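These protein sequence lines are chains A and B, in that order. So for the first sequence, the working numbering puts the first residue at 62; every next one is plus one. So for the second sequence, the working numbering puts the first residue at 62; every next one is plus one. Notes to accompany the following structure.
Number of protein chains: 2
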Amino acid sequence: MLLVQYKKMTDMTVLINGEPGDQIASSDRGLQYGDGLFETIAIKNGECEHWYEHMSRLADGCQRLNIRVPNAQQLLVEAQQLCSDKALAVLKIIITRGNGGRGYRAPDRVEATRIISVHPWPSHPDENITQGIRMHLCDTLLSYQPVLAGIKHLNRLEQIIARNEWNDPGVSEGLMSDIDGNVVEGTMSNYFAVINKELVTPEILGCGVAGIMRSHIMAQAILHGISVCERKIKLDELYAADELFICNSIIGVWPVRKLADHSYKVAGEVTEQIMDGLI
Amino acid sequence: MLLVQYKKMTDMTVLINGEPGDQIASSDRGLQYGDGLFETIAIKNGECEHWYEHMSRLADGCQRLNIRVPNAQQLLVEAQQLCSDKALAVLKIIITRGNGGRGYRAPDRVEATRIISVHPWPSHPDENITQGIRMHLCDTLLSYQPVLAGIKHLNRLEQIIARNEWNDPGVSEGLMSDIDGNVVEGTMSNYFAVINKELVTPEILGCGVAGIMRSHIMAQAILHGISVCERKIKLDELYAADELFICNSIIGVWPVRKLADHSYKVAGEVTEQIMDGLI
Numbered sequence: 062m063l064l065v066q067y068k069k070m071t072d073m074t075v076l077i078n079g080e081p082g083d084q085i086a087s088s089d090r091g092l093q094y095g096d097g098l099f100e101t102i103a104i105k106n107g108e109c110e111h112w113y114e115h116m117s118r119l120a121d122g123c124q125r126l127n128i129r130v131p132n133a134q135q136l137l138v139e140a141q142q143l144c145s146d147k148a149l150a151v152l153k154i155i156i157t158r159g160n161g162g163r164g165y166r167a168p169d170r171v172e173a174t175r176i177i178s179v180h181p182w183p184s185h186p187d188e189n190i191t192q193g194i195r196m197h198l199c200d201t202l203l204s205y206q207p208v209l210a211g212i213k214h215l216n217r218l219e220q221i222i223a224r225n226e227w228n229d230p231g232v233s234e235g236l237m238s239d240i241d242g243n244v245v246e247g248t249m250s251n252y253f254a255v256i257n258k259e260l261v262t263p264e265i266l267g268c269g270v271a272g273i274m275r276s277h278i279m280a281q282a283i284l285h286g287i288s289v290c291e292r293k294i295k296l297d298e299l300y301a302a303d304e305l306f307i308c309n310s311i312i313g314v315w316p317v318r319k320l321a322d323h324s325y326k327v328a329g330e331v332t333e334q335i336m337d338g339l340i
Numbered sequence: 062m063l064l065v066q067y068k069k070m071t072d073m074t075v076l077i078n079g080e081p082g083d084q085i086a087s088s089d090r091g092l093q094y095g096d097g098l099f100e101t102i103a104i105k106n107g108e109c110e111h112w113y114e115h116m117s118r119l120a121d122g123c124q125r126l127n128i129r130v131p132n133a134q135q136l137l138v139e140a141q142q143l144c145s146d147k148a149l150a151v152l153k154i155i156i157t158r159g160n161g162g163r164g165y166r167a168p169d170r171v172e173a174t175r176i177i178s179v180h181p182w183p184s185h186p187d188e189n190i191t192q193g194i195r196m197h198l199c200d201t202l203l204s205y206q207p208v209l210a211g212i213k214h215l216n217r218l219e220q221i222i223a224r225n226e227w228n229d230p231g232v233s234e235g236l237m238s239d240i241d242g243n244v245v246e247g248t249m250s251n252y253f254a255v256i257n258k259e260l261v262t263p264e265i266l267g268c269g270v271a272g273i274m275r276s277h278i279m280a281q282a283i284l285h286g287i288s289v290c291e292r293k294i295k296l297d298e299l300y301a302a303d304e305l306f307i308c309n310s311i312i313g314v315w316p317v318r319k320l321a322d323h324s325y326k327v328a329g330e331v332t333e334q335i336m337d338g339l340i
C-alpha cells in the first residue's frame, strides 16, 4: 500500500486545485472562452527557475483580467510536489477564472481554477545553440489589442495559426509582425537584435507577450554594461541587424542563423556575452 | 435499475465525444490555447433551430483553423439525445482540435473533441422585446484579425473584458467598435440599423462573428422586399439611425431603446416587419 502511494506520487504529473487528476469540468471558463492565463517554467534540479518573475507576471495578468490572484505560496508548494525530484522538466501553470455560467459576464463569486502540470524537457538539437536556428517569417499578423498585450493569456489562436504555417523541422521558430509592419515576437519566443551596436527588443504595448527570459536578458545586459532599447522594429531593420537571437524560459537563448533568406553571423559578440551570462 | 438508467438519461446535460460526463482532459487544446470553436443553438419543441446554418458555420470555422470537421449527422444524433424532450432550451456545441502536445503546433494526428451540453433557456424580461433594451458603448475595442473574423472561436477574452465594463442589470448589451471607429457588433449579438430607409449591418471582415440570426434576418429582409447592405458603420451614423436592433440565435430580435444617451423609436417599421417575420 505504501509502495503504491509512493509510486503514485512520483508518477503524478498534474494537480488540479491541489488534487492529483487530469480532468477539469467542461464548464470551466478556461475551456469555454479561453478565460485565463498560463506560465511555462523551467525546472532545474527540482527548482522553479525565475519563480518570482513568473508569479509577478501571473498576478499582473490576473489583475488585468479581474481574475482572483492565486496564492503564490500555495502554487509553490504544489509545484514542488510535482517537481522536487526532477533534474530537468517543464512546469506549466494554468489559472482560469473558474467554473461558471453560460455567457461572457464573469460570475460574481467564482473560485479560480489552478492546473499545474509537469512535462518532459523538450529535446532540441544542440546545434540550435552552437550553430543558430533558421526562422520563418509568418504571414499571420498579430492583432493590436493593448488590453491583452504583455500578459500570457489563453487566447492563443493567432500563435497556433502562425505556427502551422511551416512544417520544415529545420525551421525552429517563426517571427510575427503587427498590422503596421513592426516585427513583434516569435510564435513562442521574444527576440533581440543588435542594430548599430545597440541591443534592441520590440516594445510590448499593442500585442505580444512580455517574456520572463526577455526581462531577465534586459537585466543581464545592463549588468554587462550593454544598454538595451525597447522600441518598434521594422523588418528592414532586422535584415540590417548585426546579430539576432530569440529567447524564452525553456530554450534560454538561440542565436538566429537565418531569417527567411537573410543570414546572420552566429553568435555575434553581444549574443555571446548574453549567452555567457545566462548559461 | 431501469428507473435509474431512465433518470440518468433525462438528467443528462453533457455529452463528451458521445459519452455522458462533464469532465475533459486538462491537456485538451481547447483549454490550453482556446484552440476550437463553438455554436449556441436554440432548442424549440425538441428541435435544433437553424441546424444546417450552425453546422455550416462550424464546418467553415473548422476548415479555416484546420480542425477536423465533425460529422454533422453524429452531432445531430447526440443533440437529439440531450434535447428531444426539451420544449425550450439552449444547446452549446464546442469542437476543439483535441488532446495533445505542449506547444502551438497542431499534432499531426489528433481527434477533435466534441462537447455538447444543454442549458436552461435564459430568463429575459418580456420588455426587452416590447419596450426595447438599453445598450452600453464599450471602451474595449475589437482587434483587427481577418484570419479569425466571422467564425465563432474559443478566444473570447475581448468579449469578456467588454461585458464586464457594466454591471447595471438594466443594460442588456454593449456595442463594440474596431480600432478604426467602426461599430461592429454587440458582445454577444449582431446588430442592424435603419439608416436613410435602408437596413444596414456591419461587414464582418476584420473582426466580429457572422451570426446565424444575422444571416437569417438578411434572408428574411430580402423575402420582405427590404434591401440589406453590409458595410462599415460609424458611431455618428448609428446615432442618426431611425431604428436599431440586435439579434442572436437565442434572443431572436431585441429593439434598442437607448444607446448610451441616445434614444430610438421602438420598434420602428422595419424592425417590426423583421420581428413579425421571425416570431
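Yeah, the Cβ is synthetic: ideal placement off N, Cα and C, and Gly gets one too. On a predicted model such as this, the values are computed, not experimentally measured, just so you know.
Proximal chain B residues relative to residue i, where beta-carbon distance stays under 9 Å
i: A86(A); result: D83, Q84, I85
i: L92(A); result: I85, D89, G91, L92, G95, G97, I155, T157, I176, L215
i: L209(A); result: S204, L218, E219, I222
Supposed contact pair residue j and residue i - C-beta distance, whole angstroms, cut 8 Å
i: D89(B); j: N160(B); result: 5 Å
i: D273(A); j: H115(A); result: Checking the displayed sequence, the identity of residue 273(A) turns out to be Ile instead of Asp. Going by Cβ atoms, the distance from I273(A) to H115(A) rounds to 6 Å, so yes, they are a contact pair.
i: V289(A); j: P263(A); result: 12 Å between Cβ atoms; not a contact.
i: L320(B); j: L236(B); result: 7 Å
i: L305(B); j: Y252(B); result: 7 Å
i: G91(B); j: L92(A); result: 5 Å
i: A271(B); j: I335(B); result: 18 Å between Cβ atoms; not a contact.
i: V327(B); j: R318(B); result: 5 Å
i: S250(B); j: I307(B); result: 4 Å
C-alpha distance - residue i paired with residue j, whole-angstrom precision
i: P316(A); j: I256(A); result: 15 Å
i: R217(A); j: A280(B); result: 34 Å
i: E298(A); j: H277(B); result: 49 Å
i: L119(A); j: V75(B); result: 32 Å
i: E226(B); j: A167(A); result: 11 Å
i: D362(A); j: D200(A); result: With chain A represented from 62 up to 340, any question about residue 362(A) goes unanswered, as that position is not in the structure.
i: V261(A); j: I222(B); result: 32 Å
i: D359(A); j: L149(A); result: In this structure chain A extends from 62 to 340, so residue 359(A) is not present and cannot be described.
i: Y67(A); j: N106(B); result: Since pLDDT at Y67(A) reaches only 42, below the 50 mark, its modelled position is unreliable, and the value read off the structure follows with that caveat. In a straight line, the C-alpha of Y67(A) is about 54 Å away from that of N106(B).
i: Q206(B); j: Y94(A); result: 17 Å
i: G162(A); j: P131(B); result: 25 Å
i: K69(A); j: L98(A); result: Only weak support exists for where K69(A) lies, its pLDDT of 45 falling under 50; the value from the coordinates is given anyway. The straight-line gap from Cα to Cα measures roughly 28 Å.
i: I294(A); j: L215(A); result: 26 Å
i: R292(A); j: A302(A); result: 14 Å
i: I128(B); j: R158(B); result: 5 Å
i: S204(A); j: D146(B); result: 44 Å
i: G247(B); j: A254(B); result: 13 Å
i: G122(A); j: P183(A); result: 26 Å
i: L126(B); j: S310(B); result: 23 Å
i: I85(A); j: I77(A); result: 8 Å
i: C144(B); j: Y113(B); result: 16 Å
i: S87(B); j: Q220(A); result: 20 Å
i: P181(B); j: M73(B); result: 13 Å
i: N228(A); j: D169(B); result: 10 Å
i: L64(A); j: V314(A); result: In this prediction, L64(A) has a pLDDT of 45, which is less than 50 and means its spatial position is unreliable; what the coordinates show is noted afterwards. The straight-line gap from Cα to Cα measures roughly 41 Å.
Chain-ordered chain A contacts of residue i [CB-CB under 8 Å]
i: N127(B); result: N225
i: M73(B); result: Here the premise fails: no neighbours, minimum Cβ distance about 13 Å.
i: M249(B); result: G164, Y165
i: I240(B); result: Y205
Contacts of residue i in chain B (Cβ-Cβ under 7 Å)
i: H214(A); result: L218
i: R166(A); result: R224, N225
i: I176(A); result: S87
i: I347(A); result: Any property of residue 347(A) remains undetermined from this structure, which presents chain A solely from 62 to 340.
Where residue i meets chain B, residues with beta-carbon distance less than 8 Å
i: A77(A); result: Reading the sequence as shown, one finds Ile at residue 77(A) and not Ala. Correct list: S87.
Chain-ordered chain A contacts of residue i [CB-CB under 7 Å]
i: S204(B); result: S204, Y205, Q206
i: T201(B); result: V208
| query | In chain order, which continuous runs of the beta strand (DSSP E) of length 3 or greater are located wholly inside the segment 171–259 of chain B? | reply | Here the runs fully enclosed are 174–181, 194–198, 232–238, 244–247, 251–256.
| contact_flag[the segment 189–202 of chain A, the segment 225–237 of chain A] where n(CB pairs < 8 Å) is 3 or more | By the Cβ test, the segment 189–202 of chain A is in contact with the segment 225–237 of chain A, since at least three Cβ pairs between them sit closer than 8 Å.
| message | Contact between the segment 166–173 of chain B and the segment 207–226 of chain B is defined here as three or more beta-carbon pairs at a separation below 8 Å; is this criterion met? | response | By the Cβ criterion, the segment 166–173 of chain B is not in contact with the segment 207–226 of chain B, since fewer than three pairs of Cβ atoms, one from each stretch, lie closer than 8 Å.
| Every unbroken beta strand (DSSP E) within the segment 87–130 of chain B, with a cutoff of 3 residues, ordered by chain | Secondary structure within the segment 87–130 of chain B: the beta strand (DSSP E) runs of 3 or more consecutive residues, fully enclosed, are 97–105 (chain order).
| query | Does the pairing of the segment 98–110 of chain B with the segment 79–88 of chain B give three or more beta-carbon distances under 8 Å? | reply | Here the segment 98–110 of chain B makes no contact with the segment 79–88 of chain B; the two share fewer than three CB pairs at distances below 8 Å.
| message | Taking contact to mean 3 or more Cβ pairs, one atom from each stretch, closer than 8 Å, check whether the segment 136–146 of chain B and the segment 176–185 of chain B are in contact. | response | Here the segment 136–146 of chain B lies against the segment 176–185 of chain B, with 3 or more beta-carbon pairs under 8 Å apart.
| message | My parser needs the alpha helix (DSSP H) runs of 4 or more residues fully inside the segment 284–308 of chain A; what are they? | response | Secondary structure within the segment 284–308 of chain A: the alpha helix (DSSP H) runs of 4 or more consecutive residues, fully enclosed, are 296–300 (chain order).
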